[in-house]
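Start counting the sequence shown at 0; every next residue gets the next number (numbering that gives the first Met the number 0).
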Amino acid sequence: MRIRMGKGQVLVFDAFVEKKLMELKSEKGFYPTLRQIGECCTPPQPAAHIHRSLRRLAAAGRLSKEALLVYNTKNNIKGDTTDEKRKSSKAKK
Numbered sequence: 000m001r002i003r004m005g006k007g008q009v010l011v012f013d014a015f016v017e018k019k020l021m022e023l024k025s026e027k028g029f030y031p032t033l034r035q036i037g038e039c040c041t042p043p044q045p046a047a048h049i050h051r052s053l054r055r056l057a058a059a060g061r062l063s064k065e066a067l068l069v070y071n072t073k074n075n076i077k078g079d080t081t082d083e084k085r086k087s088s089k090a091k092k
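Below, the structure written as structure tokens:
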């Protein structure tokens, strides 16, 4: 069954994930796994929900650079453009 959240619930959940991520990092000294973050929620959330939340936080610019690299939530890190490799054969001539 798919769990759907309203816009306000998503904002609250994202804020909770951001807060819990920083708490667990300061407590353990390293970034926790998605499963560990999900187990801290009430009720426990699957890793896919946490990953979606981290993607939203990354798009909003609310994650640190280290967290972006650890969770690989932002595939379009500046400087890694692949547009040059994807030119059509007509454009290459």
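Glycine included, every Cβ here is placed at the ideal spot set by N, Cα and C.
Which of the three DSSP states, helix, strand or coil, is assigned to Tyr70?
-> The count along the sequence shown starts at 1 and reaches residue 70 at position 71. Residue state, collapsed to three classes: helix.
Using the Cα positions of Ser63 and Arg3, report the straight-line distance between them to the nearest angstrom.
-> Position 64 of the sequence shown, counting from 1, holds the residue named residue 63. Position 4 of the sequence shown, counting from 1, holds the residue named residue 3. Straight-line Cα distance between these residues: approximately 27 Å.
From this set, His50, Leu20, Ala59, which residue's C-alpha is nearest Tyr30's C-alpha?
-> Counting from one through the sequence shown, the residue named residue 30 turns up at place 31. For the residues His50, Leu20, Ala59, the minimum Cα distance to Tyr30 belongs to Leu20.
Own chain, CB closer than 8 Å to Asn75, minus 5 neighbours either side, in chain order = On the sequence shown, position 76 is the one that residue 75 refers to. Here Asn75 scores only 49 on pLDDT, less than 50, and its place in the model should not be relied on; the value that follows carries that caveat. Hits under 8 Å: none found.
Put Ser63 into one of helix, strand or coil per three-state DSSP.
-> Along the sequence shown, one-based indexing puts residue 63 at 64. Coil.
Leu56 to Ala47 span [Cα, whole Å] | Reading the sequence shown from its first residue, position 57 is the one you call residue 56. Reading the sequence shown from its first residue, position 48 is the one you call residue 47. For Leu56 and Ala47, the distance between alpha carbons rounds to 14 Å.
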